[in-house]
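Working notes for the structure below.
There are 2 protein chains.
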Amino acid sequence: MIIPNQTHQSELLMSSFLEMVNTTDGNFTVVAKLIEASNDDESMQLTIEHLCLYPQAKQAFINRLRLGTIDLDRMSKLAVNTLGRLYADHIIQNQLKPIQSELQPQSERDFLNVHITETHDLWHVVTGTNIDVLGEIQLEAFYIAQLKMSRFWLALMTKNLLKSLLYDIEMADRYLEIITKGWMMGHQAQPLFGVNWSNLWETPIEEVRASLKISIL
Amino acid sequence: MIIPNQTHQSELLMSSFLEMVNTTDGNFTVVAKLIEASNDDESMQLTIEHLCLYPQAKQAFINRLRLGTIDLDRMSKLAVNTLGRLYADHIIQNQLKPIQSELQPQSERDFLNVHITETHDLWHVVTGTNIDVLGEIQLEAFYIAQLKMSRFWLALMTKNLLKSLLYDIEMADRYLEIITKGWMMGHQAQPLFGVNWSNLWETPIEEVRASLKISIL
């Protein structure tokens, strides 16, 4: 049993979790608090150790693999159904911006956060999940299956279940259905952490999914 | 979206949920508070309407079907592998007592609570789940798949996920695995609500499970 080192950290986790429950989705100030509270040394280290069991992830940690420049204009002109085109469509249609950090991560822990953050929308595209609450919950379950001990993704999923409990109980069974789907997909798939996506922009999505053993259930 | 009628009810739900998170498992005073807070008119009515889509459950509501007298001594002498024998073993080995209410439920809502409560350990036996935290989580997911809109079972599952988030993050993936298993079993199975278990004590468990389409995954 891992208890965050300091009482302060544990209280921060509970208070940022409750803030997430009480705020509207998309409040990035509260999300930032939750990220900070979720990033305790022990669970981050366990996640890194788990990921490094896989050569691809281990290499990504060593090389500090980055996504590189995202040229949405160029990607929008790629053939329909390529990864790059679908990624650009996802970003543009959902009025998002590619999340990219200028900073070069210095520690494994920083790299874990940077890599997960800048590839998040790619995980949406390859898993075929939307950015509505159902898509996010499905992807949260997928992340838990892949990262195993991530406080952040478990916090987001638990927050969504608690909101259903309090305000939207009709969705309980549907939420469980997509958690099941997301967890099974994440469990069956190859590890996505450390995939060099920048080599795959022109690859048809079916090929990308087949190579990663992602079945859209 | 259903919001419990009164602010008081909603606050009671949140406060009893947080009490569950902060207490040890098996604190029945806190469980009783959670039951009261979960039993708002709207979600109870939706659950009853959902259950009454199935003739067996509808009939149980009409007849106020009860489990009847539990004679553990007699059941302990039944053939190994019969439902009654396995039920008696489950009760005795886990140092439980059969939960039975003297009161005849007057309303559909009371009957829902009485029936779920007095058959709970039978659901453990037929689903092959233990009464440890893993077994309870699996059965909570099974209940959600079967009852669809139950605040009580969703509260228990969410409480367990929040405890994992705070104190036991190594269990996150395992909890998701058994939630997946429980939800799939509950989704595939025939409705258990309203089964007349007292006719099945001498039936081999395999037959009971087959007739209810319960596959132990």
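As they're listed, the protein sequences go chains D and C.
The opening position of the first sequence corresponds to residue 0 in numbering that gives the first Met the number 0, with each subsequent residue numbered one higher.
The opening position of the second sequence corresponds to residue 0 in numbering that gives the first Met the number 0, with each subsequent residue numbered one higher.
From the three backbone atoms N, C-alpha and C, an ideal C-beta is built for every residue, glycine too.
By Cβ distance below 6 Å, which residues in the same chain neighbour D:Ala218 in space, the five residues on each side in sequence not counted?
-> Absent from the model: residue 218 of chain D. The displayed extent of chain D is 0 to 216, so no value can be given.
DSSP-derived helix/strand/coil call for D:Thr81 | On the first sequence, residue 81 of chain D is found 82 positions in, with the first residue counted as 1. Assigned with DSSP and collapsed to three states, D:Thr81 falls in strand.
How many angstroms separate the CA atom of C:Met13 from the CA atom of D:Leu77?
-> The residue you call residue 13 of chain C lines up with position 14 of the second sequence. The residue you call residue 77 of chain D lines up with position 78 of the first sequence. C-alpha separation (whole angstroms): 50 Å.
Evaluate C:Gln137 with the Cβ neighbour count: other Cβ atoms within 10 Å of its Cβ, from every protein chain shown; 16 or more gives buried, anything less gives exposed.
-> Residue mapping note: residue 137 of chain C aligns to position 138 of the second sequence, counting from 1. Under this definition C:Gln137 is a buried residue.
Return the CA-CA distance between C:Leu17 and D:Arg65, expressed in angstroms with no decimal places.
-> As a position in the second sequence, residue 17 of chain C is number 18, starting the count at 1. As a position in the first sequence, residue 65 of chain D is number 66, starting the count at 1. Answer to the nearest angstrom: the Cα atoms are 41 Å apart.
Leaving out five residues before and five after D:His89 in sequence, what residues of the same chain have Cβ atoms less than 7 Å from its Cβ?
-> If you number the first sequence from 1, residue 89 of chain D lands on position 90. Within the same chain, D:His89 has close Cβ partners Asp120, His123, Val124.
Beta-carbon neighbours of D:Thr157, restricted to chain C and to distances below 7 Å = Within the first sequence, residue 157 of chain D is the residue found at index 158, counting from 1. Neighbours of D:Thr157 on chain C, chain order: Thr157, Leu160, Leu161, Leu164.
Tell me, please, which residues DSSP counts as bridged to C:Pro203.
-> Taking the second sequence and counting its residues from 1, the one referred to as residue 203 of chain C is at position 204. Paired residues: C:Thr81.
Same chain, Cβ closer than 8 Å to C:Thr46, five either side skipped, listed in chain order = Taking the second sequence and counting its residues from 1, the one referred to as residue 46 of chain C is at position 47. Correct list, in chain order: Leu111, Leu146, Lys147, Met148, Ser149.
For C:Ser75, I'd like the list of residues in its chain whose CB is within less than 8 Å of its CB, leaving aside the five on either flank, ordered along the chain.
-> As a working mapping, residue 75 of chain C is identified with position 76 in the second sequence. Only Arg84, Ala87, Asp88, Ile91 meet the Cβ criterion.
Residues of the region 9-32 of chain D with a CB closer than 9 Å to any CB of chain C: list them in chain order, please.
-> Residues passing the 9 Å Cβ filter: Ser9, Leu12, Met13, Phe16, Leu17, Val20.
Just the chain C side, please: which residues come within less than 8 Å of D:Ser218 by C-beta, in chain order?
-> Residue 218 of chain D lies beyond the residue range present for chain D, which begins at 0 and ends at 216; the question has no answer from this structure.
Expressed to the nearest angstrom, what Euclidean distance is found between the alpha-carbon atoms of D:Asn21 and D:His114?
-> Position 22 of the first sequence holds residue 21 of chain D. Position 115 of the first sequence holds residue 114 of chain D. Straight-line Cα distance between these residues: approximately 28 Å.
Does the beta carbon of D:Asp88 sit closer than 8 Å to a beta carbon anywhere in chain C?
-> Residue 88 of chain D sits at position 89 when you count from the first residue of the first sequence. At a cut-off of 8 Å between beta carbons, D:Asp88 makes no contact with chain C.
Along the alpha helix (DSSP H) that carries C:Arg150, what are the first and last residues, could you check?
-> Within the second sequence, numbered from 1, the residue matching residue 150 of chain C stands at position 151. 150-166 is the extent of the alpha helix (DSSP H) around C:Arg150.
Is the beta carbon of D:Glu117 less than 8 Å from the beta carbon of D:Phe60?
-> Position 118 of the first sequence, counting from 1, holds the residue named residue 117 of chain D. Position 61 of the first sequence, counting from 1, holds the residue named residue 60 of chain D. Their beta carbons are not under 8 Å apart, which means D:Glu117 does not touch D:Phe60 by this criterion.
Measure the Cβ-Cβ separation of D:Ala188 and D:Leu216 and say whether it is below 8 Å.
-> Sequence index remark: in the first sequence, residue 188 of chain D carries index 189 (1-based). Sequence index remark: in the first sequence, residue 216 of chain D carries index 217 (1-based). No, the pair does not count as a contact, with Cβ atoms beyond the cut-off.
Chain C contacts from the region 97-108 of chain D (Cβ-Cβ distance under 8 Å) | Listed by position along the chain: nothing, the set is empty.
C:Lys32 (DSSP reduced to helix, strand or coil) | Position 33 of the second sequence, counting from 1, holds the residue named residue 32 of chain C. Under the three-state reduction of DSSP output, C:Lys32 falls in the helix class.
Supposed close pair C:Asn159, C:Tyr142 - CB separation, criterion 8 Å = As a working mapping, residue 159 of chain C is identified with position 160 in the second sequence. As a working mapping, residue 142 of chain C is identified with position 143 in the second sequence. The Cβ separation is near 13 Å, so there is no contact.
Does the separation of the CB atoms of D:Ala171 and D:Ser163 fall below 8 Å?
-> As a first step, residue 171 of chain D must be located in the first sequence, where it is residue number 172. As a first step, residue 163 of chain D must be located in the first sequence, where it is residue number 164. In this structure, D:Ser163 lies closer than 8 Å to D:Ala171 by Cβ.
Which residues, in chain order, does the region 134-149 of chain C contribute to contact with chain D at a C-beta distance below 8 Å?
-> Within the region 134-149 of chain C, Ala140, Ile143, Ala144, Lys147, Met148, Ser149 place their CB atoms closer than 8 Å to a CB of chain D, listed in sequence order.
Residues in its own chain within less than 6 Å of D:Gly134 by CB, not counting five upstream and five downstream?
-> For the purposes of this step, residue 134 of chain D is taken as the residue at position 135 of the first sequence. The answer, listed in chain order, is Thr128.
Measure from the C-beta of C:Leu131 to each C-beta in chain D and report whether the shortest distance is under 8 Å.
-> Locating residue 131 of chain C in the second sequence gives position 132, counting from the first residue. It is Asp, not Leu, that sits at residue 131 of chain C in the sequence shown. Judged by the 8 Å Cβ criterion, C:Asp131 is not in contact with chain D.
Sequence-distant residues of the same chain with beta carbon closer than 6 Å to C:His186, five excluded per side = Along the second sequence, one-based indexing puts residue 186 of chain C at 187. Cβ neighbours of C:His186 beyond the five flanking positions: Ala144.
Compare the beta carbon distance of D:Ser15 and C:Ile168 with 8 Å and say whether it is the shorter of the two.
-> As a first step, residue 15 of chain D is located in the first sequence; it is residue number 16 there, counting from the start. As a first step, residue 168 of chain C is located in the second sequence; it is residue number 169 there, counting from the start. Not a contact, by the Cβ cut-off of 8 Å.
May I have a chain-ordered list of the alpha helix (DSSP H) segments no shorter than 4 residues that lie completely inside the region 119-148 of chain D?
-> Annotation: the region 119-148 of chain D contains the following complete segments of the alpha helix (DSSP H) (minimum length 4 residues), in chain order: 132-146.
Determine the extent of the alpha helix (DSSP H) in which D:Lys57 is found, giving its start and end residues.
-> Within the first sequence, residue 57 of chain D is the residue found at index 58, counting from 1. D:Lys57 -> alpha helix (DSSP H) spans 54-62.
Compare the Cα-Cα distances from D:Leu11 to each of D:Val30, D:Ser197, D:Asn26 and report the closest residue.
-> Position 12 of the first sequence, counted from the first residue, corresponds to residue 11 of chain D. Nearest C-alpha to D:Leu11: D:Val30.
Starting from the beta carbon of D:Leu175, find every residue of chain C whose beta carbon is closer than 8 Å, and list them in chain order.
-> Here residue 175 of chain D refers to the residue found at position 176 when the first sequence is read from its first residue. Residues of chain C passing the Cβ test: Ala140, Ile143, Ala144, Ile178, Trp182.
Simplified DSSP state of C:Val194, which is helix, strand or coil = Taking the second sequence and counting its residues from 1, one reaches residue 194 of chain C at position 195. Taken through DSSP and simplified to helix, strand or coil, C:Val194 comes out as coil.
Extent of the continuous alpha helix (DSSP H) to which D:Arg73 belongs | One-based indexing of the first sequence puts residue 73 of chain D at position 74. Counting along the chain, the unbroken alpha helix (DSSP H) around D:Arg73 starts and ends at 71-75.
Closer than 8 Å, CB to CB, is D:Leu153 near chain C or not?
-> One-based indexing of the first sequence puts residue 153 of chain D at position 154. With its beta carbon less than 8 Å from one in chain C, D:Leu153 belongs to the interface.
So, is C:Ser37 buried or exposed, given that buried needs 16 or more other C-beta atoms within 10 angstroms?
-> Counting from 1 along the second sequence, the entry for residue 37 of chain C is found at position 38. Buried.
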